[in-house]
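Enquirer: Sequential numbering from 0 applies to the sequence shown in numbering that gives the first Met the number 0. Just passing along the structure, written as structure tokens.
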Amino acid sequence: MIGSLRRIAAVAGNTFLEAVRQKVFAVLLVFGLVLIFGANYFTEFSFQEQFKFLKDLGYAAISLTGLLVGLLGAAQLIPGEIERRTILTALCRPLRRWEFIAGKYAGLALLLAVMVGVMAVAVAGVLGWKEAQLIAREGSDPAVA
């Protein structure tokens, strides 16, 4: 059992590094971050409406980017291994097929978790910056009033 977990973790780590090196995922991350940071320039509402708009658009950007990462990642992982014939060298080792698939899934899930984490920090940063900007402009915390 411990051996299976080690093999799955090895495949997951390799899958994560392989996915991070692909330009598609970097482009998707940049796209999501541009949506999040760009949302600040589209808000000319009251305080509550600005916060709601930024929060909703941030969550939508995270959801859209996560969906695209999941779809593109699943569509590219195993077929890419077959095309490059690296699956043959992986499966000739003492590695069961289910361990290989579970490792690929775990690697993609790790990539998705990292991307969602980065984007969630960006959303929190934009919301915190906007709140500080509004407090400085109005002189008091508008959320308390």
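Ideal Cβ positions, reconstructed from N, Cα and C, are used throughout, including at glycine. Quick caveat: nothing in here was measured; it's all calculated off a predicted structure.
Pull up the distance between the alpha-carbon of F36 and that of G65, whole angstroms please.
Expert: 17 angstroms
Enquirer: In this structure, does DSSP put R84 in helix, strand or coil?
Expert: Coil.
Enquirer: For R20, does the three-state DSSP call read helix, strand or coil?
Expert: coil
Enquirer: Put R92 into one of helix, strand or coil per three-state DSSP.
Expert: coil
Enquirer: Between the alpha carbons of G72 and A18, how many angstroms are there, rounded?
Expert: G72 and A18 have their C-alpha atoms roughly 8 angstroms apart.
Enquirer: Alpha carbon to alpha carbon, how far is L148 from F50?
Expert: This structure gives no information on residue 148, because the portion of the chain shown stretches from 0 to 144.
Enquirer: Out of A9, L110, G116, L16, point me to the one whose CA is closest to L70's CA.
Expert: L110
Enquirer: Are the segment 51-63 and the segment 86-102 in contact at 8 angstroms, needing three or more beta carbon pairs?
Expert: no
Enquirer: Could you check the C-alpha separation between R95 and R6 for me, to the nearest Å?
Expert: 9 angstroms
Enquirer: Less than 9 angstroms between the beta carbons of G106 and F15, yes or no?
Expert: Cβ atoms of G106 and F15: closer than 9 angstroms.
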